[in-house]
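Heads up, the thing below is written out as C-alpha cells.
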Amino acid sequence: MDNLQETFDRALTAAAEGRFDAAETGFRAILAVRPDEGGALFGLGVTLMNTRRFQDAADALTRAVATPEVEPLWRACLAQALYMTGDFASAAGAFEAVGEPLGDGAQLTWARAAAYAAVETTAAETALDLYKRIAGPLAEDPETLFREGFSVLVAFQRLPAARKLGDWLARNTPDDPVQAHERRVLTDQTIDRAPSEYVEALFDGFAERFDRQLVDNLGYDAPALLVERVERRGGRFARILDLGCGTGLAGPHLRRLQGRLTGVDLSGGMLARAAERGDYDTLAQAEAVDFMRSAPADFDLIFSTDVLIYFGDLTPLFAAAAEALAPGGLLAVSTELGEDGWTLLPSARYAHGDAYVRAASAPWFEIVDRAEIPLRRDAAAVTPGCLYLMTLKPA
Ligand SMILES: C[S@@+](CC[C@H](N)C(=O)[O-])C[C@H]1O[C@@H](n2cnc3c(N)ncnc32)[C@H](O)[C@@H]1O
C-alpha cells in the first residue's frame, strides 16, 4: 500500500510539473494492481487530456466516474474530454451530471455541446434556444455561436449538421464572404483556389488570435522546420520572399539567412502583426501569384508555409514563382499532404498528393529535398504535411 501511495504521489508531482510520460507510467502502474482505483483513473485521464489523447482520456475518466470516490470535478473533466472527441451529446450529459455550479468556461462549453448535439436532430433555432437556456447571461450572440459551431462541426465531419448552421448563417449574414465560401465548399469540390476576398476576410478576422491558435493550440511549427532544411542545404540568399507571410512567424527564422526580407500577404490584419515583429525589410499587401508575376527574377529564395493550402491547382503558382526567382533560385514550400491530385477539404483548405506536386512543379523545378511532418493537430487527429525544397531548372 505504501508503495502504491508513493507511486501515486510521484505521478501527481510529475503531472503537476508537466512530465506527462512519467505521470502516465505512474498512474498505469497503480492501475495494473488496482484497476478500479478512482484517483489513479482520474489522474490518468487528466494526463491523457494534457497530451491531447482525448478518446483515451474519456475512456479513463468514464471509468473514474463509475467508482465510489467520484467527485464533481471528475465528471466535469469527463465532459470536457468528451467534448474534445466531438461526442457532444455525451459531453452535454456529463456536464449535466456534475450536479453543482460550473465555472463560466465549463458552463459555456456545456451550452455549446448541447447546441451542437441538438442541431444534429432539430432546427438551428431550436438548438439556439437550448443554448440560451444553458448559457443564461453568459450566452454569446447567435452569429458567433453558429460561426464557431459551423467550423467545429465541419472539423468533426458532421456535415449535415454543419450545413444546417451554414443555411442559418446564409439567411442571417448573407454578405459575409467567409461564410459564403465555406458553405459553397461543402457542395462544390471543383473550386480550384480560395477566392481572394475569402482569404482576406478570413485572416483579417483571425490575425489577433492566429499565433496563439496555431502555435499553442495546434502545435504548428512548419516555418522553423522549413528554414532548418533551407539552412541544411546551404547557399546564399540575398533577396528572400516570404509568400503569404501572415503574422510573420517565419520572420525570425528567415532572418538567420541574412538576406533582404520581403513579406507579401492578402490580409492587412496579418501584415500589421508581421510589421510589429519587425523582421521584414518590406511588407506588401498583394495577391501571391500577381505579386510574383510583377517581380521578374527579383528573388533568390521564395519561402511559403501553409499558403499552398489555399490553392488547389498549383500550376499558376509554380509558373509565377519560376518567373520571380533569379537563375539558381530556391523555392521552399509546405503542403497539407493528401492522396491523389488536389482535394478541396470540408475545412476549405486544399490537400495535395505528392505525385501531383511533382507533376505540377516539374516544368520549372527539380525537387531536391522532401520531408513529411505533422503539420497541425486538428480537431480529431494530426494533419500530415510535407515540406519541399525545389531548385529552378535552367531556362
Ligand atoms: C495559414 S496562414 C500562414 C501564414 C504564414 N506563412 C505562417 O506559416 O505562419 C496563410 C496566409 O496566407 C495568406 N494567403 C492565402 N492565400 C493567399 C494569396 N492568394 N495571396 C496572398 N496571401 C495569401 C493568408 O492571408 C494568410 O496570412
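Just so you know, we're using the working numbering here: the sequence shown kicks off at 6 and counts up by one.
From the three backbone atoms N, C-alpha and C, an ideal C-beta is built for every residue, glycine too.
Please read all numbers here as calculations on a predicted model, not as lab measurements.
>> ligand 1 and E29: does any heavy atom of the ligand fall closer than 8 Å to the residue's C-beta?
In response: For the purposes of this step, residue 29 is identified with residue 24 of the sequence shown, where counting begins at 1. Every heavy atom of ligand 1 is 8 Å or more from the Cβ of E29, so no.
> When the distance is taken between beta carbons, is M395 closer than 9 Å to V338?
Replying inline: As a position in the sequence shown, residue 338 is number 333, starting the count at 1. As a position in the sequence shown, residue 395 is number 390, starting the count at 1. Result yes, Cβ atoms of V338 and M395 sit closer than 9 Å.
> Between the stretch 88-96 and the stretch 138-145, do at least 3 Cβ pairs fall closer than 8 Å?
Replying inline: no
>> According to DSSP, simplified to helix, strand and coil, what is G343?
In response: On the sequence shown, residue 343 is found 338 positions in, with the first residue counted as 1. It is coil, neither helix nor strand.
> Grouping DSSP H, G and I as helix and E and B as strand, with all else coil, what is A289?
Replying inline: Here residue 289 is taken as the residue at index 284 of the sequence shown, counted from 1. DSSP places A289 in strand when its eight states are reduced to three.
> With distances taken between CB atoms, is the gap from Y121 to L158 smaller than 9 Å?
Replying inline: Sequence index remark: in the sequence shown, residue 121 carries index 116 (1-based). Sequence index remark: in the sequence shown, residue 158 carries index 153 (1-based). Yes.
>> Taking the beta carbon of K169 as the centre, do at least 16 other beta carbons fall within 10 Å, making it buried, or is it exposed?
In response: Start at 1 with the first residue of the sequence shown, and residue 169 comes out as number 164. Buried: at least 16 other Cβ atoms inside 10 Å.
> Using DSSP with H/G/I as helix, E/B as strand and the rest coil, what is A302?
Replying inline: Reading the sequence shown from its first residue, position 297 is the one you call residue 302. In the structure shown, A302 sits in coil (DSSP, three-state: anything other than H, G, I, E or B).
> Got a sec: does ligand 1 put a non-hydrogen atom nearer than 8 Å to the Cβ of R237?
Replying inline: One-based indexing of the sequence shown puts residue 237 at position 232. Checking every heavy atom of ligand 1 against the Cβ of R237, none is found closer than 8 Å.
>> For a cutoff of 9 Å on Cβ pairs, would you count G104 as touching chain D?
In response: Any reference to chain D falls outside this structure, which holds one protein chain only.
>> Considering just the uninterrupted stretch of the beta strand (DSSP E) at P379, what are its terminal residues?
In response: Numbered from its first residue, the sequence shown carries residue 379 at position 374. For P379, the uninterrupted beta strand (DSSP E) run begins and ends at 370-382, by DSSP.
> Is A329 closer than 9 Å to F304 when the C-beta atoms are compared?
Replying inline: Numbered from its first residue, the sequence shown carries residue 304 at position 299. Numbered from its first residue, the sequence shown carries residue 329 at position 324. Yes, they are a contact pair.
> Does DSSP put D270 in a helix, a strand or coil?
Replying inline: Residue mapping note: residue 270 aligns to position 265 of the sequence shown, counting from 1. Under the three-state reduction of DSSP, D270 is assigned to strand.
> To the nearest angstrom, how far is it from the Cα of R375 to the Cα of Y315?
Replying inline: Here the question's residue 375 lines up with position 370 in the sequence shown. Here the question's residue 315 lines up with position 310 in the sequence shown. So the alpha carbons of these two residues sit roughly 20 Å apart.
> Per DSSP, F316 forms a beta bridge with which residues?
Replying inline: Taking the sequence shown and counting its residues from 1, one reaches residue 316 at position 311. DSSP, once it has assigned bridges, lists R198 as partnering F316.
> Would you say A63 and L36 are within 9 Å of each other, going by their C-beta atoms?
Replying inline: The count along the sequence shown starts at 1 and reaches residue 63 at position 58. The count along the sequence shown starts at 1 and reaches residue 36 at position 31. Going by C-beta atoms, A63 is not nearer than 9 Å to L36.
> At a cut-off of 8 Å, is T252 close to ligand 1 when judged by its beta-carbon and the heavy atoms of the ligand?
Replying inline: Indexing the sequence shown from 1 puts residue 252 at position 247. Yes, the beta carbon of T252 sits closer than 8 Å to at least one heavy atom of ligand 1.
> Tell me which same chain residues have a C-beta within less than 6 Å of the C-beta of A84, skipping the five on either side of it?
Replying inline: Locating residue 84 in the sequence shown gives position 79, counting from the first residue. If we look at A84 and ignore the five residues flanking it on each side, its Cβ neighbours are A96, A99, F100.
> When every heavy atom of ligand 1 is checked, does at least one fall within less than 8 Å of the C-beta of F323?
Replying inline: Within the sequence shown, numbered from 1, the residue matching residue 323 stands at position 318. Checking every heavy atom of ligand 1 against the Cβ of F323, none is found closer than 8 Å.
>> Can you tell me whether A255 is helix, strand or coil according to DSSP?
In response: Residue mapping note: residue 255 aligns to position 250 of the sequence shown, counting from 1. If DSSP states are grouped into helix, strand and coil, A255 belongs with coil.
> Do the stretch 233-249 and the stretch 209-221 touch if we need at least three Cβ pairs shorter than 8 Å?
Replying inline: no
>> If I measure Cβ to Cβ from A19 and keep anything under 7 Å in the same chain, skipping five residues before and after, which residues do I get?
In response: Counting from 1 along the sequence shown, the entry for residue 19 is found at position 14. Hits under 7 Å: A27, A28, G31.
>> I'd like to confirm the pairing. Which residues does DSSP put opposite V387 in its beta bridges?
In response: Here residue 387 is taken as the residue at index 382 of the sequence shown, counted from 1. According to DSSP, which records beta bridges pairwise, V387 is partnered with R382.
> Would you say L248 touches ligand 1, meaning its beta carbon is less than 8 Å from a heavy atom?
Replying inline: Translated into the one-based positions of the sequence shown, residue 248 becomes position 243. Yes, Cβ of L248 sits closer than 8 Å to a heavy atom of ligand 1.
> Just how far apart, CA to CA, sit A129 and W173?
Replying inline: Taking the sequence shown and counting its residues from 1, the one referred to as residue 129 is at position 124. Taking the sequence shown and counting its residues from 1, the one referred to as residue 173 is at position 168. Cα-Cα distance, rounded: 7 Å.
>> Taking its Cβ as the centre, do 16 or more other Cβ atoms sit within 10 Å of L322, making it buried, or is it exposed?
In response: Here the question's residue 322 lines up with position 317 in the sequence shown. The residue is buried, with at least 16 neighbouring Cβ atoms inside 10 Å.
>> Let me check you understand the geometry: is the CB of P228 closer than 8 Å to at least one non-hydrogen atom of ligand 1?
In response: Your numbering for residue 228 matches position 223 in the sequence shown. The answer is yes for P228.
> Among L306, A289, E292, A212, which residue has its Cα nearest to the Cα of M275?
Replying inline: Here residue 275 is taken as the residue at index 270 of the sequence shown, counted from 1. Ranking L306, A289, E292, A212 by Cα distance to M275 puts A212 first.
>> Only counting the same chain, and skipping five residues up and downstream in sequence, which positions put a Cβ closer than 8 Å to that of G210?
In response: By one-based count along the sequence shown, residue 210 stands at place 205. V183, G274, listed in sequence order.
>> When you compare the stretch 222-241 with the stretch 285-298, are there three or more beta-carbon pairs, one atom per stretch, that lie closer than 8 Å?
In response: no
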